[in-house]
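Novice: Following this message is one structure expressed as structure tokens.
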Amino acid sequence: MKIEKPRGTYDLLPDETRKWQALEDDLRRIAELYGFGEIRFPMFEHTELFMRGMGETGDVVQKEMYTFQDKDGRSLTLRPEGTASVVRAFIEHGLHMSALPFKCFYIAPNFRYEKPQKGRYRQHVQLGIECFGAAEPQADVEVISFAHTVLRGLDAELHINSIGCKECRPVYQQNLKTWLSAQSEKLCENCRTRLDRNPMRVLDCKVETCAAIAEKAPKINENLCPGCADFAARLDVLLTASGIPFVRDPRIVRGFDYYTGTVFEFISHQIGAQGTICGGGRYDGLVEELGGQPTPALGFGMGLERLLLAQEAMAKKEQEKTYRGIYLAPMGTVEECVRLCRELRELGVRAETDLCARSLKAQMKYADKIGVKCAAVIGDDELEKSKMTLKDMQTGETAPCALNAGAIVKHMNLLVEVEYT
RNA sequence: GUGGGUGUAGCUCAGUUGGUUAGAGCACCAGGUUGUGGCCCUGGGGGUCGCCGGUUCAAUUCCGGUCAUUCACCCCA
């Protein structure tokens, strides 16, 4: 019986892995520019961490976590998002005593039991960045700017909002709730349940009648406390000064309970219904909530599968076939080829030879398909004279070469120079 | 969790109004006079027609279920 990969997961075959590696290289380079160091943490945590971190109202905690018991009966959960883990590590290692702000990033898989569709998987990789200990809007710009740099040229719109602080949000939410309750009979079934759980979600409903009501509902941005309103205004000024285009969008409501103040999303309209490539914001209360010193903090998560979809949608430059290394075709004895391959690899050159006892013609075909830079036949003549002929597989030109690894490396470098200068 | 579409070769898809050995293109392998790839020609391997059950003399084809996938909702990256 055939066993297939679990639902909502995917394999990366070598060609696709190359794209991922190129992306990861790009991300690490940008992180370096912004001064964010890489952090790595476990794939699973105590279930309690996510329950307390993300809040118990959201779907993710409610029904999408991969939770299991280990042999000691502890409840563990495959990480559904990165922020809780980073905050846990921040507290556990006493990083509030380190140079603040503490800025870090991670590229790591998350796990959620969701129904898969385009741009949504049960295991998906996120780039996440977090910044601890900075309460000024400059920090918000720093984080948003990072995402903006990563998404440059991908046609993703930045939507930002403020959902208020501990002081003004509860007041607003209560007001909104009573306002909406007054006409709950006009709301869709879904929104009626949302009323209790998270009334701000009603503002983002796609049902026409609900959207019409949402139009007239009180807006959070008009009901912020002076502190939050001032913060938002200063953030707008800084974003504008940084040349980062954005729209204020009162419908942006993040799904996790820990968010406070600034929230934002980068949205692409070209990758299907799951258009949010990046989402994040401030969580000034989370460190304290999880047992640390009160510490302002913020960050974002970016779905790399969606980022790659957006890149494809942008018809990014096709990666050209790269020709690397050498193929040694044995005629008769394979001994010298096997030996030379090992030697060349020691010297850092990709080297391959025949593993199937195929005809020379078949070997040349294979050498062409796997994209080596050079090929050479090694038979009795070559062994006798200690000389061989190197063939450039792109141009077809040939060059004599001594039969040893050092000479091969030297000649190949020459060929490379001729080819690319 | 809800609602629709789709499952035939490694890939992209034809086809079967139910009836002998199920097709194409691409890919793969081999040959086209025994030491040089890409083009061309010839040949070849490869499919329990997703899986289980039902109707029938007969199911890949019809029906039901299931699994997978895909699109949307919900939610999120």
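Residue 212 in numbering that gives the first Met the number 0 sits at position 213 of the first sequence, with consecutive numbering throughout. No residue lacks a Cβ here, since even glycine has one placed at the ideal position from N, Cα and C. For clarity, every value in this text was computed on a predicted model and none was experimentally measured.
#1: Can you check DSSP and say which residues form a bridge with residue 391?
#2: Name the residue from 267, 171, 375, 299 whose alpha carbon lies nearest to the alpha carbon of residue 396.
#3: At which residues does the alpha helix (DSSP H) containing residue 237 begin and terminate?
#4: Can you list the alpha helix (DSSP H) stretches of 4 or more residues lying completely in the stretch 59 to 102, in chain order?
#5: Quick check on residue 262: does DSSP put it in helix, strand or coil?
#6: Report all residues from its chain with a CB closer than 7 Å to the CB of residue 216; omit the five preceding and five following residues, and keep chain order.
#7: Quick check: what's the CA-CA separation for residue 337 versus residue 387?
#8: Measuring straight from C-alpha to C-alpha, what distance separates residue 138 and residue 181?
#9: With H, G and I counted as helix, E and B as strand and the rest as coil, what does DSSP make of residue 382?
#10: Could you tell me the boundaries of the beta strand (DSSP E) in which residue 421 lies?
#11: Can you check which of these residues, 383, 389, 136, 382, is closest to residue 371 by C-alpha distance?
#12: Tell whether a beta-carbon distance below 9 Å holds between residue 258 and residue 223.
#13: Taking the alpha carbon of residue 234 as the point to measure from, which residue in 355, 333, 365, 140 has its own alpha carbon closest?
#14: Quick one: is residue 5 buried, meaning 16 or more other Cβ sit within 10 Å of its Cβ, or exposed?
#15: Which of helix, strand or coil does DSSP assign to residue 423?
#16: For residue 132, which residues from the same chain have a beta carbon less than 8 Å from its beta carbon, with the 5 sequence-adjacent residues on both sides left out?
#17: Output the boundary residues of the alpha helix (DSSP H) element that contains residue 175.
#18: Residues in the same chain with beta-carbon distance under 6 Å from residue 381, minus the five sequence neighbours each way, listed in chain order, please.
#19: Tell me which same chain residues have a C-beta within less than 8 Å of the C-beta of residue 323, skipping the five on either side of it?
#20: Cα separation between residue 256 and residue 312?
#21: Please report the residue range of the beta strand (DSSP E) in which residue 326 lies.
#22: State the DSSP-derived secondary structure class of residue 152, mapped to helix, strand or coil.
#23: Could you pull out every residue in the same chain whose Cβ sits closer than 8 Å to the Cβ of residue 134, ignoring the five residues on either side in sequence?
#24: Starting from residue 129, trace the alpha helix (DSSP H) in both directions and tell me its first and last residue.
#25: In whole angstroms, give me the CA-to-CA distance for residue 342 and residue 406.
#26: For residue 348, which of helix, strand or coil comes out of DSSP?
#27: In terms of residue numbering, what span does the alpha helix (DSSP H) encompassing residue 355 cover?
#28: Between 77, 7, 209, which has its C-alpha nearest residue 44's C-alpha?
#29: Can you give the beta carbon distance from residue 249 to residue 218, rounded, assuming they're within the 8 Å contact cut?
#30: Out of curiosity, what's the CA-to-CA distance linking residue 124 and residue 107?
#31: Can you tell which of 344, 242, 304 has its C-alpha closest to the C-alpha of residue 119?
#32: Identify which residue in 213, 226, 63, 285 has its Cα closest to the Cα of residue 251.
#33: Using CA atoms only, rank isn't needed, just tell me which of 300, 285, 260, 268 is closest to residue 278.
#34: Put residue 246 into one of helix, strand or coil per three-state DSSP.
#35: Report the rounded CA-to-CA distance for residue 189 versus residue 245, giving the unit in angstroms.
Specialist: So, to answer that:
#1: Bridge pairing for residue 391: 373 [DSSP].
#2: With distances taken between Cα atoms, residue 396 lies closest to 375.
#3: Residue 237 -> alpha helix (DSSP H) spans 225 to 240.
#4: Under the rule that a run must span 4 or more residues, the alpha helix (DSSP H) segments found entirely inside the stretch 59 to 102 read 82 to 91.
#5: Strand, per DSSP.
#6: Closer than 7 Å at the Cβ level, and outside the excluded window around residue 216, lie 175, 178, 179, 202.
#7: In this model, residue 337 and residue 387 are separated by some 16 Å (Cα to Cα).
#8: Their backbone Cα atoms lie some 40 Å apart in a straight line.
#9: In this structure, residue 382 counts as helix in the three-state DSSP scheme.
#10: In the structure displayed, the chain extends from 0 to 420; residue 421 sits before or after that span and is not available.
#11: Minimum Cα distance to residue 371 is reached at 389.
#12: Not a contact, by the Cβ cut-off of 9 Å.
#13: Of the candidates 355, 333, 365, 140, the one whose C-alpha sits nearest the C-alpha of residue 234 is 140.
#14: Within 10 angstroms of the beta-carbon of residue 5 lie fewer than 16 other beta-carbons, which makes it exposed.
#15: A question about residue 423 goes unanswered here, because the residues of the chain that appear run from 0 up to 420.
#16: Cβ neighbours of residue 132 beyond the five flanking positions: 95, 99, 100, 101, 294, 295, 296.
#17: Unbroken alpha helix (DSSP H) run through residue 175: 167 to 180.
#18: 387, 402.
#19: Within the same chain, residue 323 has close Cβ partners 349, 370, 371, 372.
#20: Residue 256 and residue 312 have their C-alpha atoms roughly 33 Å apart.
#21: Following the DSSP letters along the chain, one finds residue 326 inside the beta strand (DSSP E) bounded by residues 325 to 329.
#22: Judged by DSSP in its simplified three-state form, residue 152 adopts coil rather than helix or strand.
#23: Counting only Cβ-Cβ distances below 8 Å, and skipping sequence neighbours, we find 283, 295.
#24: In this chain, residue 129 is not harboured by any alpha helix (DSSP H); it is covered by the beta strand (DSSP E) spanning 122 to 131.
#25: If you take the alpha carbons of residue 342 and residue 406, they lie about 12 Å apart.
#26: Residue 348 carries a coil assignment under DSSP once its states are collapsed to helix, strand and coil.
#27: Premise fails: residue 355 is in no alpha helix (DSSP H) and is neither H nor E.
#28: That would be 77, whose Cα lies nearest to the Cα of residue 44.
#29: About 5 Å separates the two Cβ atoms, so the contact holds.
#30: Note on geometry: alpha-carbon atoms of residue 124 and residue 107 lie some 5 Å from one another.
#31: Measuring from the Cα of residue 119, the nearest candidate turns out to be 304.
#32: Ranking 213, 226, 63, 285 by CA distance to the CA of residue 251 puts 213 first.
#33: When each option's Cα is compared against that of residue 278, the closest is 300.
#34: Here residue 246 sits in strand by DSSP.
#35: Residue 245 has its alpha-carbon roughly 30 Å from the corresponding atom of residue 189.
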